[in-house]
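There are 2 protein chains.
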Amino acid sequence: MMNVYNFSAGPAGLPKEVMQKAQAEFIDWNGLGTSVMEISHRSKEFIKVAEEAEQDLRDLLNIPDNYKVLFCQGGARAQFAAVPLNLLGNSTKATYIDAGYWAQSAVKEAKKYCEVDVVDAKMIKEGKLAVMHASDWKIDPQSAYVHFCPNETIDGVEISELPDTQLPIVADMSSNILSREIDVSRYGVIYAGAQKNIGPAGICIAIVRDDLLGLAHELLPSFISYKVLAEKDSMFNTPPTFAWYLSGLVFKWLKEQGGVGVIEKRNAEKASILYDYIDSSDFYTNDVHTQNRSRMNVPFQLAKPELDGLFLQQAQEKGLVSLKGHRVVGGMRASIYNAMPIEGVKALVEFMKEFAADNA
Amino acid sequence: MMNVYNFSAGPAGLPKEVMQKAQAEFIDWNGLGTSVMEISHRSKEFIKVAEEAEQDLRDLLNIPDNYKVLFCQGGARAQFAAVPLNLLGNSTKATYIDAGYWAQSAVKEAKKYCEVDVVDAKMIKEGKLAVMHASDWKIDPQSAYVHFCPNETIDGVEISELPDTQLPIVADMSSNILSREIDVSRYGVIYAGAQKNIGPAGICIAIVRDDLLGLAHELLPSFISYKVLAEKDSMFNTPPTFAWYLSGLVFKWLKEQGGVGVIEKRNAEKASILYDYIDSSDFYTNDVHTQNRSRMNVPFQLAKPELDGLFLQQAQEKGLVSLKGHRVVGGMRASIYNAMPIEGVKALVEFMKEFAADNA
Numbered sequence: 001m002m003n004v005y006n007f008s009a010g011p012a013g014l015p016k017e018v019m020q021k022a023q024a025e026f027i028d029w030n031g032l033g034t035s036v037m038e039i040s041h042r043s044k045e046f047i048k049v050a051e052e053a054e055q056d057l058r059d060l061l062n063i064p065d066n067y068k069v070l071f072c073q074g075g076a077r078a079q080f081a082a083v084p085l086n087l088l089g090n091s092t093k094a095t096y097i098d099a100g101y102w103a104q105s106a107v108k109e110a111k112k113y114c115e116v117d118v119v120d121a122k123m124i125k126e127g128k129l130a131v132m133h134a135s136d137w138k139i140d141p142q143s144a145y146v147h148f149c150p151n152e153t154i155d156g157v158e159i160s161e162l163p164d165t166q167l168p169i170v171a172d173m174s175s176n177i178l179s180r181e182i183d184v185s186r187y188g189v190i191y192a193g194a195q196k197n198i199g200p201a202g203i204c205i206a207i208v209r210d211d212l213l214g215l216a217h218e219l220l221p222s223f224i225s226y227k228v229l230a231e232k233d234s235m236f237n238t239p240p241t242f243a244w245y246l247s248g249l250v251f252k253w254l255k256e257q258g259g260v261g262v263i264e265k266r267n268a269e270k271a272s273i274l275y276d277y278i279d280s281s282d283f284y285t286n287d288v289h290t291q292n293r294s295r296m297n298v299p300f301q302l303a304k305p306e307l308d309g310l311f312l313q314q315a316q317e318k319g320l321v322s323l324k325g326h327r328v329v330g331g332m333r334a335s336i337y338n339a340m341p342i343e344g345v346k347a348l349v350e351f352m353k354e355f356a357a358d359n360a
Numbered sequence: 001m002m003n004v005y006n007f008s009a010g011p012a013g014l015p016k017e018v019m020q021k022a023q024a025e026f027i028d029w030n031g032l033g034t035s036v037m038e039i040s041h042r043s044k045e046f047i048k049v050a051e052e053a054e055q056d057l058r059d060l061l062n063i064p065d066n067y068k069v070l071f072c073q074g075g076a077r078a079q080f081a082a083v084p085l086n087l088l089g090n091s092t093k094a095t096y097i098d099a100g101y102w103a104q105s106a107v108k109e110a111k112k113y114c115e116v117d118v119v120d121a122k123m124i125k126e127g128k129l130a131v132m133h134a135s136d137w138k139i140d141p142q143s144a145y146v147h148f149c150p151n152e153t154i155d156g157v158e159i160s161e162l163p164d165t166q167l168p169i170v171a172d173m174s175s176n177i178l179s180r181e182i183d184v185s186r187y188g189v190i191y192a193g194a195q196k197n198i199g200p201a202g203i204c205i206a207i208v209r210d211d212l213l214g215l216a217h218e219l220l221p222s223f224i225s226y227k228v229l230a231e232k233d234s235m236f237n238t239p240p241t242f243a244w245y246l247s248g249l250v251f252k253w254l255k256e257q258g259g260v261g262v263i264e265k266r267n268a269e270k271a272s273i274l275y276d277y278i279d280s281s282d283f284y285t286n287d288v289h290t291q292n293r294s295r296m297n298v299p300f301q302l303a304k305p306e307l308d309g310l311f312l313q314q315a316q317e318k319g320l321v322s323l324k325g326h327r328v329v330g331g332m333r334a335s336i337y338n339a340m341p342i343e344g345v346k347a348l349v350e351f352m353k354e355f356a357a358d359n360a
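Listed in order, the protein sequences are those of chains E and G. No gaps in the numbering here: position 251 of the first sequence is 251 in UniProt numbering, and each next residue is one more. No gaps in the numbering here: position 358 of the second sequence is 358 in UniProt numbering, and each next residue is one more.
So, in structure tokens, the structure goes:
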């Protein structure tokens, strides 16, 4: 088996150690003679898995006691509907900060449920894509909440600031949760589809401040009700137990790495290695201003786009896979989530150098 | 590793051959050097998995071309909301046949969205729990659809008749799909959470007749919209790819067994072995009338309920696990879905005989 570095944007590569452990105990977990996915979610064995996963996540993100941690189904797209249906209360309006594709997707769904005040925060700065400073985002004080997506996987844009508001802040952290330290107490709701930095596709984490649990729309489906999920320990319906278990293994792996602070430094180093090389090269470009470059998703273009196919083919031959850019923007994209080791990024840069030398 | 027979009601045991294959290729699937859960759902490799799973399911159930097969998230509880939100159209009413716990749970959710006409179909026949014949179910012709649950996992009740109506019939087949032959063309919508007869928890199949795709409520969340899922090949949002892949392996296993007709005979034989022994015994009882006994879930009570704990403990020591009845009814329950081999049922009966002899 070739050593493969997987740059998939999601579903993304999981830590090798996690996958090896899960494989070893796949059909005989915990000495039970069955898989963890073949036991009741209400068994004491699975409840221990569930509780440990929650506690490890609480430890990793320093989640205050007045926040519920919910394990949901349906991914971030489900939250695009769940957020307004859970949070609008008597309000008819919400503010959405638009810095890219996923923020816009959230807006589209929210418009079913309320008047959406969209703040277009994109701008061009020194010829590069950038995001306006948070102090320039005009937020309607009548809004029930302010929604933003701090990391746009397709555009490769990351926002390190928060909306400057007393309103509840809702963040779609699908692609950068656990990649850097955050102050959870500044948010009303944080949600994140698992398939980038948490675990396999099919589970979504929502971290919800207690005081926001009583604002649901009467037509909110129960299975995406924050209140119902909180009351039922995320077991109102049968949860995706295997995905929950794997997410728990990832949380333990993160703790073993030294926690979010350590992984943040590693992520910064990985991103620097890649961006520094791109900036030093005449053959590759990245269109995002340094102020907003994502540490997770690095889109780049070749000077000769007609060589895209050859680049992908030769990269794959070297075990550097899933580098094709998103279908809506083209080019290349290297997603370098927590599970990507520094060696993977170095191997990519090495290949990019060779490819540029051969094809300049 | 002890040979274990797993009688869990769900998440339930999967076929041993499926689990062994999934373990073998867990970290190096299809020669890619990664897991199937670590690749894009839009990759050609995963799309092949997705399409084969759908085609195999179509073959197994003889699904007509005018039905869409959707792979959803959220389980059957999500469908409890999705069904009225997708199907009500201009109607304000739906009829629900009540034969047990899960039908009642569907009613509770549906009441958020419409007037629910509940037909209480439960009755006592010769001292046993039974269900009235379909010809006695009074169906309001103003209903948008008629919903029923043909297998009640908790009560151990199965219904082999269909509502006698021209209205679209909606069936929650979570616990008996693929266990017996059905005529799909008689239904409007069939849905089934995977974690009993299909695959792991976290995925739900919906089989929807084409003409029912345009009736959605304006507040229907897009990720549970039948129309959106149909248009996007169940990839509106990132699907639970690993659960989809495992479900596909189960479908292939079913075909290898000879298809649904063969598995139906095996299921009938398994159920007979267990019910025949219970009926012949003075120590065990089952409360369901023969006309409505479930082939999938066999609840039974000990003559001395104070021995329940000892029964469970000794069963477990023999590798007969997850026999505890549902928390709302107590006693024992043996769930004998497709993946349970006949040998497992025979081993259970053998143990039950010994236990009765030791404790009569």
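Note that the Cβ used here is the ideal one computed from N, Cα and C, for glycine as well. Here the structure is a predicted model, which is why all the values come from computation and not from measurement.
So what's residue i in DSSP terms, helix, strand or just coil?
i               : result
D120 of chain G : strand
N267 of chain G : helix
S335 of chain G : strand
V250 of chain E : helix
F46 of chain G  : helix
D136 of chain E : helix
G214 of chain G : coil
K324 of chain G : strand
What are the start and end residues of the alpha helix (DSSP H) that includes residue i?
i               : result
R293 of chain G : Per DSSP, R293 of chain G belongs to no alpha helix (DSSP H) and is neither H nor E.
I63 of chain E  : Note, I63 of chain E: premise wrong, no alpha helix (DSSP H); not H, not E.
R209 of chain E : From DSSP, R209 of chain E is part of no alpha helix (DSSP H) but of the beta strand (DSSP E) over C204 to R209.
V18 of chain E  : K16 to A24
P84 of chain E  : G75 to L87
K227 of chain G : Y226 to E231
L312 of chain G : D308 to E317
Assign residue i to buried or exposed, taking buried as 16 or more other Cβ atoms, counted over all protein chains shown, within 10 Å of its Cβ.
i               : result
N292 of chain E : buried
G309 of chain E : exposed
N267 of chain E : buried
D155 of chain G : buried
D56 of chain E  : buried
S272 of chain E : exposed
K270 of chain G : buried
Q166 of chain G : exposed
P168 of chain G : buried
I124 of chain E : exposed
Figure out for me which residue from the options has the closest Cα to the Cα of residue i.
i                      : options                           : result
A192 of chain G        : G:G127, G:L274 and G:C72          : G:C72
S35 of chain G         : E:V36, E:G31, E:N3 and E:G33      : E:N3
residue 434 of chain G : G:T241, G:E51 and G:S234          : An answer regarding residue 434 of chain G cannot be provided, because it is not within the stretch 1 to 360 covered by chain G.
E45 of chain E         : E:N30, E:E54 and E:R333           : E:N30
T92 of chain G         : G:T153, G:Y67 and G:P141          : G:P141
A315 of chain E        : E:H326, E:G344, E:G89 and E:K255  : E:G344
S143 of chain G        : G:S8, G:E115 and G:S40            : G:E115
K16 of chain E         : G:G33, G:D98, G:S160 and G:N286   : G:G33
D164 of chain E        : E:I47, E:K252, E:G331 and E:Y145  : E:Y145
G330 of chain E        : E:F300, E:H133, E:E54 and E:G127  : E:F300
K108 of chain E        : E:N90, E:H147 and E:K125          : E:H147
I342 of chain G        : G:L274, G:S160 and G:T285         : G:L274
N151 of chain G        : G:S294, G:A50 and G:L348          : G:S294
Q313 of chain G        : G:M332, G:A243, G:A303 and G:M296 : G:M332
For the beta strand (DSSP E) containing residue i, list its first residue and its last residue.
i               : result
D172 of chain G : I169 to D172
D358 of chain G : Element bounds for D358 of chain G: not the beta strand (DSSP E) but the alpha helix (DSSP H), I342 to N359.
V131 of chain E : K128 to V131
Checklist line | Against chain G: residues of the region 17-43 of chain E by CB proximity under 8 Å | finding: M19, Q20, A22, Q23, F26, I27, D28, L32, G33, T34, S35, M37, E38, I39, S40, H41, R42 and S43
Check: Which of the residues in the region 163-184 of chain E, read from start to end, lie with their CB under 9 Å from any CB of chain G?
Finding: none
Next item on the list: Would you list, in chain order, the members of the region 2-15 of chain E that have their beta-carbon closer than 8 Å to a beta-carbon of chain G?
Entry: M2, N3, V4, N6, S8, A9, G10, P11, A12, G13 and L14
Next item on the list: Taking a Cβ distance cut-off of 7 Å, strictly less, list which residues of the region 222-253 of chain G are near chain E, in chain order.
Entry: S222, F223, F236, N237, T238, P239, P240, T241, F242 and A243
Check: In chain order, what residues of the region 83-98 of chain G put their CB closer than 9 Å to some CB of chain E?
Finding: L85
Next item on the list: With 9 Å as the limit, tell me which residues of the region 102-132 of chain G have their beta carbon closer than that to any beta carbon of chain E; keep them in chain order.
Entry: K108, E109, K112 and Y113
Checklist line | Interface positions of the region 322-344 of chain E facing chain G (Cβ-Cβ less than 8 Å), listed along the chain | finding: S322 and R327
Next item on the list: Could you name the residues of the region 48-66 of chain E whose beta carbon sits closer than 8 Å to any beta carbon of chain G, in the order they occur along the chain?
Entry: none
Next item on the list: Could you name the residues of the region 191-214 of chain G whose beta carbon sits closer than 8 Å to any beta carbon of chain E, in the order they occur along the chain?
Entry: G193, Q195, P200, A201, G202 and I203
Checklist line | Residues of the region 70-83 of chain E whose Cβ lies closer than 7 Å to any Cβ of chain G, in chain order | finding: Q73, G74, G75, R77, A78 and A81
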